[in-house]
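Undergrad: The structure under discussion is supplied below as structure tokens; questions concerning it will follow.
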Amino acid sequence: MTGRILGAVLVAVVAVSGAANAQTMKKSASLGSVRLSHDVMADGKPLAAGTYALRVSDEMPAKVVGQTLDESRWIEFLQGGKVKGRELATVLSKDALKDMSRKSAAPAPGTSKVQALKGGDYVRVWVNAGGTQYLIHLGSH
Numbered sequence: 001m002t003g004r005i006l007g008a009v010l011v012a013v014v015a016v017s018g019a020a021n022a023q024t025m026k027k028s029a030s031l032g033s034v035r036l037s038h039d040v041m042a043d044g045k046p047l048a049a050g051t052y053a054l055r056v057s058d059e060m061p062a063k064v065v066g067q068t069l070d071e072s073r074w075i076e077f078l079q080g081g082k083v084k085g086r087e088l089a090t091v092l093s094k095d096a097l098k099d100m101s102r103k104s105a106a107p108a109p110g111t112s113k114v115q116a117l118k119g120g121d122y123v124r125v126w127v128n129a130g131g132t133q134y135l136i137h138l139g140s141h
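Set out below in structure tokens:
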């Protein structure tokens, strides 16, 4: 009996250890780079004008009522390999993209565009990474 319990504990420890290693080994997805022409606010913090590499963070956002975890992701803005800021992005479904595309053309696959939104209070970074659309809304500074 003691051998079975010890065996079960050992299996549980190995399973948890394997899951933890899979999490730490997960790589962030690169989304290319964008140029911000003026200072903005990202996640409530200032982000200076400049060119940034974008990547999808391994950190998952808190679940929002009415959305799945796949519909939003943290996007990191990097310069010199260091995270300078981050913002929550909306990940568009194909149906949502159809509705958006009526009003504004999506960027070509593998590209992005930066748009000042009506009134100049917000900047939208729209990334098309392999057909997956990421919309990142930044506040004007």
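Mapping the sequence shown onto the numbering used here, position 53 (from 1) lands on 53, and the numbers just tick up by one. For every residue, glycine included, the Cβ atom is placed at its ideal position computed from N, Cα and C. These numbers come from a predicted model, not from an experiment.
1) Comparing alpha-carbon positions, which option in Arg55, Gly32, Gly81, Val91 lies nearest Gln133?
2) Kindly indicate the opening and closing residues of the beta strand (DSSP E) around His137.
3) Just to confirm my understanding: we take Trp74, look at its own chain, exclude 5 residues before and 5 after, and list those with CB closer than 8 Å. What are they?
4) Tell me, to the nearest whole angstrom, how far the beta carbon of Leu31 is from that of Val114; I am working on the premise that it is less than 8 Å.
5) Residue range of the beta strand (DSSP E) that Pro46 falls in?
6) Applying the 10 Å Cβ sphere with the 16-neighbour rule, what's the burial state of Ala129?
7) I'd like to check one pair, Tyr122 with Gly110: are the Cβ atoms closer than 9 Å?
8) Rounding to the nearest angstrom, what Cα-Cα distance links Arg124 and Val83 in this structure?
9) Rounded to whole angstroms, what is the Cα-Cα separation between Pro46 and Phe77?
10) Can you give the Cα-Cα distance for Ser72 and Gly44, rounded to whole angstroms?
11) Express the C-alpha separation of Ser104 and Gly131 in angstroms, rounding to a whole number.
12) Quick check: what's the CA-CA separation for Tyr52 versus Ile136?
TA: Looking at the coordinates:
1) Position 133 of the sequence shown, counted from the first residue, corresponds to residue 133. Gln133 has its Cα closest to that of Val91, out of Arg55, Gly32, Gly81, Val91.
2) For this step, residue 137 is matched to residue 137 along the sequence shown. Annotation: the continuous beta strand (DSSP E) that includes His137 extends over 132–140.
3) Numbered from 1 along the sequence shown, position 74 holds the residue referred to as residue 74. In chain order, Val56, Ser57, Glu59, Met60, Pro61, Arg86, Glu87, Leu88, Ala89 place their CB closer than 8 Å to the CB of Trp74, counting only its own chain and leaving out the 5 sequence neighbours on each side.
4) By one-based count along the sequence shown, residue 31 stands at place 31. By one-based count along the sequence shown, residue 114 stands at place 114. With 8 Å as the limit, Leu31 and Val114 do not qualify as a contact, their Cβ atoms being about 13 Å apart.
5) If you number the sequence shown from 1, residue 46 lands on position 46. Boundaries of the beta strand (DSSP E) around Pro46: 45–47.
6) Within the sequence shown, numbered from 1, the residue matching residue 129 stands at position 129. In the assembly as shown, Ala129 is a buried residue. Its beta-carbon has 16 or more other beta-carbons within 10 Å.
7) For the purposes of this step, residue 110 is taken as residue 110 along the sequence shown, with counting starting at 1. For the purposes of this step, residue 122 is taken as residue 122 along the sequence shown, with counting starting at 1. In this structure, Gly110 sits away from Tyr122, with a CB-CB distance that is not shorter than 9 Å.
8) Residue mapping note: residue 124 aligns to position 124 of the sequence shown, counting from 1. Residue mapping note: residue 83 aligns to position 83 of the sequence shown, counting from 1. If you take the alpha carbons of Arg124 and Val83, they lie about 19 Å apart.
9) By one-based count along the sequence shown, residue 46 stands at place 46. By one-based count along the sequence shown, residue 77 stands at place 77. In this structure, the alpha-carbon of Pro46 lies about 12 Å from that of Phe77.
10) On the sequence shown, position 72 is the one that residue 72 refers to. On the sequence shown, position 44 is the one that residue 44 refers to. Taking the straight line joining both Cα atoms gives about 17 Å.
11) Here the question's residue 131 lines up with position 131 in the sequence shown. Here the question's residue 104 lines up with position 104 in the sequence shown. Gly131 and Ser104: Cα-Cα distance of roughly 16 Å.
12) Taking the sequence shown and counting its residues from 1, one reaches residue 52 at position 52. Taking the sequence shown and counting its residues from 1, one reaches residue 136 at position 136. Looking at the two C-alpha atoms, the distance is approximately 13 Å.
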